[in-house]
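So the sequence lines, in the order shown, correspond to chains A and B. Quick note: the first sequence, position 98, residue 97 per numbering that gives the first Met the number 0, numbers continuous. Quick note: the second sequence, position 29, residue 28 per numbering that gives the first Met the number 0, numbers continuous. Even for Gly, the Cβ is constructed at its ideal location relative to N, Cα and C. As the structure is a computational prediction, the values presented were derived from the model and not from experiment. Below is one structure, written out as structure tokens; the observations come after it.
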Amino acid sequence: MSALKLHYQLHAIWRTEPGWRGHLRSVNHSDMGKRFIVAAFVFFAIGGVLAMLIRAQLATPRSAFVGPEVYNQLFTMHGSIMMFLFAIPMFEGLTMYLLPKMLGSRDLALPRLSALGWWCYLFGGTIIIVAMLAGVAPDAGWFLYPPLSGKTYTPGINSDVWLLGITFVEISAMCAAIEITVTILKLRAAGMSLDKMPIFAWYMLATAGMMVFGFPPLILGSILLEVERAFGWPFYTPELGGSPLLWQHLFWLFGHPEVYIIFLPAAGAVSTILPVMARTRLLAHGAIVAAIMALAFLSFGLWVHHMFTTGIPHMALGFFSAASALVAVPTAVQVFAWIGTLWQGRPDLKLPMLYLIGFFIVFVIGGLTGVMLAMVPFDAQAHDTAFVTAHLHYVLVGGFVFPMLAAAYYWLPHITGRERVLQVGEAAFWLIFIGFNMTFFLMHLTGLLGMPRRIDTYPEEMGWTWLNLLSSVGAFLQAFGFALVVIDVLLQIRLGRMHRRNPWRATTLEWAMPIPSPTYNFASLPVVASRDPLADDPDLGVALARGDGLLANGRSGWRETIAVDMTSGTPEHVAILPGNSWWPILTAAMLGGFFLAMLAGLYVVAPVFVVAVVGLGWCWAWSNGIRIDVGPVPIGNGLSLPTSFEAVRTTGWWGSVFALCASATLFTALIFGYVFLWTIAPNWPPPALIAPSLAGPLLGVAGAAAAVVGSRSGRRTLGLAGQLAIVAAMVWLLAAAPSPSSHAYGATSAMLAAYAIFHAALAAIMYAFLIARARAGFHSQARDGETRIVRLWSDHAAGAGIAVIALLALPGWLA
Amino acid sequence: MRVLLRLSAGLIGWTVAFCLIYALHGLGCAGAWDASRFRWAMLVAWGISIAATLGVALWLTRRRRTGLDRAAAALGWVGLAATIITFIPIAIVPACA
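Right, here's the structure in full:
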């Protein structure tokens with residue numbers, strides 16, 4: 000087949016439809032990546048304008064620019080937008096765009112999940128911004144501490160906007176986390192074993208793993224606070240056995256790993272770009288992989304350093320202080336490896352390199368003040384002052400924004416296919432770098448002089464005036480710098496000359512394709528033998544375009560790419576990916592309807608949207624699969640592989656594994672909350688416990704046993720009956736429990752039961768789906784993938800059911 | 000997957016130790032346990048954690064065939080070091096003050 004004919008065939012299969020249908024139905028990773036990046040930058044601009052308003056207010060003492068009510072919304076929205084609507088989606092977008100290209104794949108593993116994430120992000124972010132324009136934006140700080148964010152002190156919908164809007168956006172983050180993890184582990188080029196993976200993929204594997212385990216505590220905390228606000232269940236109300244400290248634990252269990260979740264992708268960009276700019280290879284690759292893994296774990300042991308002044312015993316503070324200092328070590332390992340890489344190479348001071356130098360300076364200063372704040376006595380002095388604001392901006396802007404700007408300039412030719420024009424970017428860099436340091440270095444001093452965070456004004460006699468004025472001037476310099484970046488990018492898109500392939504002479508696979516890239520990335524898929532495939536064969540891109548690689552065909556109109564063994568990279572099966580689809584946007588719209596109904600207090604209407612989501616999920620899943628056995632198909636080089644219709648562990652199976660990991664983490668966080676309140680909160684034990692009985696627990700245990708036996712023996716009706724029995728047992732136990740609004744015991748018991756009911760009901764629906772699919776001819780001995788996936792969910796529901804029964808029944812029995 | 004588990008093993012050891020020791024500390028302080036016995040309980044938990052992570056590090060060190068195996072071994076020792084350093088306060092700070 001000629002290269003041109005191959006291109007036309009693949010384009011017909013992978014193309015995004017023209018016009019509005021393409022905008023609504025596309026699931027292509029390049030489209031999704033670019034959409035995330037552009038939207039994140041729009042939110043960044045909005046957050047930046049809010050920052051300018053904050054600095055305008057603080058530029059002079061006793062300023063009357065805005066009042067405290069508006070100011071509270073300004074700083075809350077600035078923080079929330081930058082963290083949830085800019086930083087996370089920005090790296091998600093970059094990763095979605097780059098990852099398949101770097102790994103030698105044609106798309107992400109679960110393309111419709113990416114599209115669902117995109118729409119959830121867009122709709123959730125829009126809800127938050129519209130609320131701000133309507134004057135009902137969140138105003139209790141970006142970490143929304145109760146009791147300030149509770150119904151008593153925030154009676155309007157401001158906190159609900161944050162809780163519901165951010166949770167909606169978090170669905171997007173969870174989709175991305177699962178998507179990225181499965182893609183890295185399964186959709187790599189043939190021969191790309193784990194140790195031959197590009198370093199960026201290692202960073203993203205760690206980041207996505209951290210998201211899977213880091214986000215559920217925040218989602219749980221938000222659900223609990225929203226339920227408290229909506230229905231009066233007292234999770235955070237001390238008078239009824241709750242504790243505001245529970246929110247702080249759940250929030251920072253997410254919040255501190257979040258800093259590294261933001262930093263690691265940026266560090267991945269640094270580790271990718273720096274060797275190219277230095278015209279050498281990355282030094283100490285193994286040490287960097289070890290440092291990434293160490294950061295991924297250690298960063299989960301620091302969350303209490305945000306709570307040093309809450310009265311926690313000193314020994315516990317010591318644990319977290321030591322862990323906080325310890326985490327600097329793997330960070331330093333990376334910094335030294337980067338310096339060593341520069342040392343061994345011949346650095347070329349192009350624009351991306353300029354931003355990397357800015358990153359080094361700013362991030363290292365932020366890291367050092369981080370170690371200062373990890374020390375309990377210093378933190379006690381600097382807590383809630385502008386020093387902390389300065390530190391977090393040095394870490395996040397230094398550790399994320401500067402590397403992302405380097406990444407933007409490095410990969411922009413890939414996206415646009417064009418060269419830069421003029422030298423606007425260099426001027427922008429200096430404005431941003433000088434403006435940033437002017438703003439935030441001085442803020443360290445303001446903080447040390449005692450200026451608290453989040454105050455809307457200050458008296459002249461405090462002596463903070465000139466520092467604040469200079470900080471504000473610096474902030475506006477920065478803003479001009481970012482405006483110049485936008486102009487620079489627009490100039491490149493509109494006026495830049497077409498660029499040659501691989502302009503930086505990089506060695507990773509994303510440059511082994513024409514730029515801008517075609518929708519299918521590679522006309523044929525590469526076989527790699529090292530971490531630097533383009534160094535091994537600089538003409539690899541041409542050979543792949545010619546069809547010399549694997550899967551050089553447009554067989555049956557399927558979107559095909561190769562799935563490999565996780566460790567060795569040996570081809571395992573041909574993954575058949577879904578095409579453009581309505582299901583993601585429709586599902587996101589129904590989820591949006593649910594969140595809006597909750598926001599409007601229409602609690603009777605909200606379940607209607609849940610039913611709609613279930614219905615759409617059914618149709619979505621029904622659109623998968625085929626009714627005939629295909630058998631192995633040729634992939635080129637004399638090899639044949641089964642398709643994903645007949646594979647044992649598909650990307651869908653692995654997606655379910657990581658989704659269940661996230662769900663199990665949420666469940667563990669809920670158990671932590673239950674035990675925490677029982678041991679720490681005031682007004683315990685509760686006035687009444689669940690009355691001991693045997694019937695309910697026995698029914699639940701029997702149901703769980705039936706579910707497990709049913710899932711293993713292939714008796715779907717037995718599995719379905721088992722799951723329904725678990726639901727019935729939970730209802731039985733709840734009927735014996737105190738009212739959820741009477742005490743935190745009743746509230747947490749109800750939440751535990753709700754978790755078990757949700758999962759058992761979901762598994763029951765899955766069994767019903769399996770029964771219908773089998774009748775419709777979608778299953779055979781070879782095509783058994785759906786059964787394996789349902790087994791995972793069924794077993795999890797059974798295990799959770801048993802655990803909840805034990806947690807609810809034991810206190811009554813032991814009393 | 001086994002390679003990833005080996006890479007994580009040392010730090011999973013630290014994570015488990017962290018959860019258990021922090022939970023033990025919370026229960027002891029909330030339950031107002033006898034100070035002396037409580038300190039010994041904490042020290043024993045720390046000692047068991049060190050022994051366990053040392054065992055993991057030694058196990059990982061014996062198997063060093065590839066670059067990732069060597070990284071896993073290094074991370075095993077990192078897990079041990081983290082377990083020692085993080086819980087030093089058990090030896091020098093009052094438990095519930």
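N-terminal and C-terminal residue of the beta strand (DSSP E) that residue i is part of
i, result
"A/Arg558", "Arg558 to Val563"
"B/Pro88", "It is not in any beta strand (DSSP E) - B/Pro88 instead sits in the alpha helix (DSSP H) that spans Pro88 to Ile91."
"B/Ser35", "Taken as a continuous stretch (DSSP letters only), B/Ser35 belongs to no beta strand (DSSP E), being part of the alpha helix (DSSP H) at Ala34 to Arg61."
"A/Ser639", "Leu638 to Leu640"
Sub-8 Å separation of residue i and residue j beta-carbons
i, j, result
"A/Val181", "A/Leu97", "no"
"B/Pro88", "A/Gly317", "yes"
"A/Leu441", "A/Phe479", "no"
"A/Tyr744", "A/Phe666", "no"
"A/Thr75", "A/Ala139", "yes"
"A/Ile679", "B/Ala44", "no"
"A/Asn27", "A/Thr518", "yes"
"A/Leu314", "A/Gly568", "According to the sequence as given, residue 314 of chain A is Met; it is not Leu. Going by C-beta atoms, A/Met314 is not nearer than 8 Å to A/Gly568."
"B/Ile84", "A/Leu372", "no"
"A/Gly540", "A/Glu418", "no"
"A/Gly635", "A/Gly548", "yes"
"A/Ala706", "A/Gly718", "yes"
"A/Gly434", "A/Gly398", "no"
"A/Ser523", "A/Leu483", "no"
"A/Leu576", "A/Thr586", "no"
"A/Thr845", "A/Leu282", "With chain A covering only 0 through 814, there is no way to say anything about residue 845 of chain A."
"B/Leu59", "B/Ala72", "yes"
"A/Ala268", "A/Pro402", "yes"
"A/Val394", "A/Gly365", "yes"
"A/Ser471", "A/Ala114", "no"
Identity of the residue in the options nearest residue i by Cα
i, options, result
"A/Asp159", "A/Glu225, A/Val573, A/Ile260 and A/Arg278", "A/Glu225"
"A/His248", "A/Tyr259, A/Ile311 and A/Ser555", "A/Ile311"
"B/Gly40", "B/Leu26, B/Ala51 and B/Thr52", "The identity of residue 40 of chain B in the sequence shown is Ala, whereas the question assumes Gly. Measuring from the Cα of B/Ala40, the nearest candidate turns out to be B/Leu26."
"A/Pro216", "A/Ile670, A/Pro684 and A/Gly811", "A/Ile670"
"A/Pro737", "A/Thr786, A/Pro686, A/Ala727 and A/Ala728", "A/Pro686"
"A/Pro525", "A/Ala189, A/Val288 and A/Thr309", "A/Ala189"
"A/Asp531", "A/Ala704, A/Pro274, A/Gly300 and A/Met750", "A/Pro274"
"B/Ile91", "A/Leu447, A/Glu257 and A/Ala321", "A/Ala321"
"A/Pro502", "A/Leu550, A/Tyr409, A/Pro641 and A/Leu466", "A/Tyr409"
Span of the alpha helix (DSSP H) around residue i
i, result
"A/Val632", "Taken as a continuous stretch (DSSP letters only), A/Val632 belongs to no alpha helix (DSSP H), being part of the beta strand (DSSP E) at Val632 to Gly635."
"A/Ile128", "Pro110 to Leu132"
"A/Ile575", "Taken as a continuous stretch (DSSP letters only), A/Ile575 belongs to no alpha helix (DSSP H), being part of the beta strand (DSSP E) at Pro570 to Leu576."
"B/Val15", "Arg1 to Ala29"
"A/Thr506", "A/Thr506 -> no alpha helix (DSSP H), and no H or E assigned at all."
"A/Leu143", "Where A/Leu143 is concerned, there is no enclosing alpha helix (DSSP H), given that its DSSP letter is neither H nor E."
"A/Gln247", "Pro243 to Met276"
"A/His390", "Ala385 to Leu395"
"A/Asn623", "It is not in any alpha helix (DSSP H) - A/Asn623 carries neither H nor E in the DSSP assignment."
Whole-number beta carbon distance between residue j and residue i, since they are thought to touch under 8 Å
i, j, result
"A/Lys100", "A/Met565", "Actually they do not touch by this definition, with Cβ atoms about 20 Å apart."
"A/Leu73", "A/Leu52", "5 Å"
"A/Ser171", "A/Gly134", "No, A/Ser171 and A/Gly134 are not in contact; Cβ-Cβ is about 26 Å, not under 8 Å."
"A/Gly241", "A/Phe234", "5 Å"
According to a CB-to-CB cut-off of less than 7 Å, which residues of the stretch 309–330 of chain A neighbour chain B? Pro312, His313, Met314, Ala315, Gly317, Phe318, Ala321, Ala322 and Leu325
Tell me which residues of the stretch 190–218 of chain A have at least one Cβ-Cβ distance to chain B shorter than 7 Å, keeping chain order. Leu193 and Asp194
Using a Cβ cut-off of 7 Å, which residues of the stretch 286–297 of chain A contact any Cβ in chain B, in chain order? Val288, Ala289, Met292, Ala293, Phe296 and Leu297
Listed in chain order, which residues of the stretch 73–88 of chain B have Cβ atoms closer than 7 Å to some Cβ of chain A? Ala73, Leu74, Val77, Ala81, Ile84, Thr85, Phe86, Ile87 and Pro88
Interfacial residues, the stretch 23–49 of chain B to chain A, with Cβ spacing under 9 Å: His24, Gly25, Leu26, Cys28, Ala29, Gly30 and Met41
Residues of the stretch 29–41 of chain A in Cβ contact with chain B at a cutoff of 9 Å, in chain order, please. Those residues of the stretch 29–41 of chain A that come within reach of chain B (Cβ to Cβ, closer than 9 Å) do not exist; the list is empty.
Residues of the stretch 539–571 of chain A with a CB closer than 9 Å to any CB of chain B: list them in chain order, please. For the stretch 539–571 of chain A, residues whose beta-carbon sits nearer than 9 Å to a beta-carbon of chain B comprise Met565 and Thr566.
Listed in chain order, which residues of the stretch 59–70 of chain B have Cβ atoms closer than 8 Å to some Cβ of chain A? Thr65, Gly66, Leu67, Arg69 and Ala70
Listed in chain order, which residues of the stretch 670–686 of chain A have Cβ atoms closer than 7 Å to some Cβ of chain B? Thr678 and Ile679
Near-chain B residues of the stretch 594–606 of chain A - C-beta to any C-beta below 7 Å: none
Counting only Cβ-Cβ distances shorter than 8 Å, please list the residues of the stretch 10–21 of chain B near chain A, keeping chain order. Leu10, Ile11, Trp13, Thr14, Phe17, Ile20 and Tyr21
Of the residues that make up the stretch 237–252 of chain A, which ones have a beta carbon closer than 7 Å to any beta carbon in chain B? none
Residues of the stretch 649–671 of chain A with a CB closer than 7 Å to any CB of chain B: list them in chain order, please. none
According to a CB-to-CB cut-off of less than 8 Å, which residues of the stretch 135–157 of chain A neighbour chain B? none
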